Amino acid sequence: MSSRSSSSRETCTIESAGGVTLDARIYRPAAGHSEHQNANLVVVLVHPYSVLGGFQGLMRGIARGLADRGLTAVTFDMRGVGKSTGRASLTGFAEVDDVVSVCKWACLNLSAQRILLVGSSAGAPIAGSAVDQIDEVVGYVSLGYPFGLTASILFGRHHKAILQSPKPKLFVMVQGMVSQACHSSRTS
């Protein structure tokens with residue numbers, strides 16, 4: 001496997017609710033992947049809670065990995081982060097508008113007919129609240145969904161939306177230290 005990526009990255013801005021402008025990155029697969037069976041699928045990655053230092057750069061490795069495997073991925077800074085305008089909210093409900101705006105933008109500008117929404121840490125409940133607001137979202141992945149007293153105070157009102165959604169969902173949780181990454185590969 002080559003250590004150099006053949007995927008590409010572009011920068012753009014996306015308009016969100018309330019006149020907020022979001023700074024975004026699009027990770028595209030190499031030209032050879034254009035006939036990939038998932039050509040009309042876009043993965044939208046939602047970074048951890050901005051108030052605690054979350055930003056789109058934390059999702060870069062996943063986005064590059066997806067692009068290297070033939071999928072288009074989008075990362076973005078939610079309101080009040082990096083070059084995005086606006087202010088972060090305490091409970092993440094204004095940020096749900098950001099997720100919805102990015103998904104709608106992907107449908108219009110990337111010809112996405114299907115979107116997989118992936119949220120990391122406190123980005124997971126924010127993404128989860130957006131799942132049923134976008135018809136093109138076909139599934140949801142949570143990486144380290146926050147639980148506990150503090151998380152319930154901040155994000156408890158997000159839980160119901162994703163738990164009641166009929167769309168497929170995957171919750172990935174890790175307890176303790178992870179010392180090795182597991183990889184599986186299949187040949188058809």
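Residue numbers are given in the UniProt record's numbering: position 144 of the sequence shown equals residue 144, and the series is strictly consecutive.
Glycine included, each C-beta is placed from N, C-alpha and C at the ideal position.
As the structure is a prediction and not an experimental result, all values here were calculated from the model.
Around S7, the same chain offers Y27, R28, P29, A30, R64, A67, D68 as residues with beta carbons nearer than 8 angstroms, after the five sequence neighbours per side are excluded.
Contact between M173 and Y145 holds: CB atoms are separated by about 7 angstroms, below the 8 angstroms threshold. Here T72 is buried: its Cβ has 16 or more other Cβ atoms, across all protein chains shown, within 10 Å. Counting only runs of 3+ residues, the beta strand (DSSP E) found wholly inside the segment 84-144 occupies 114-120, 137-143, in chain order. For a cut-off of 8 angstroms, the C-beta gap from V100 to Q133 is around 5 angstroms, short enough to register as a contact. Secondary structure of S165 (DSSP, three-state): coil. Per the coordinates, the alpha-carbon of A106 lies some 34 angstroms from the alpha-carbon of Q175.
The closest CA to that of D135, considering only G128, Q113, G156, G123, is found on Q113. In terms of CA proximity to I126, G92 leads the group A151, N109, G156, G92. In the three-state DSSP reduction, F76 falls in the strand class (E or B). CA-to-CA, the gap between V42 and C103 works out to about 9 angstroms. For the pair V81 and S89, the Cα-to-Cα distance works out to about 11 angstroms. Distance from A124 to V96 at the Cβ level is roughly 12 angstroms; contact not present, criterion being Cβ atoms closer than 8 angstroms. Assigned with DSSP and collapsed to three states, V20 falls in coil, not helix or strand. By the neighbour-count criterion, in which 16 or more other beta carbons inside 10 Å mark a residue as buried, G54 falls on the buried side. Per DSSP, the beta bridge partners of S8 are R28.
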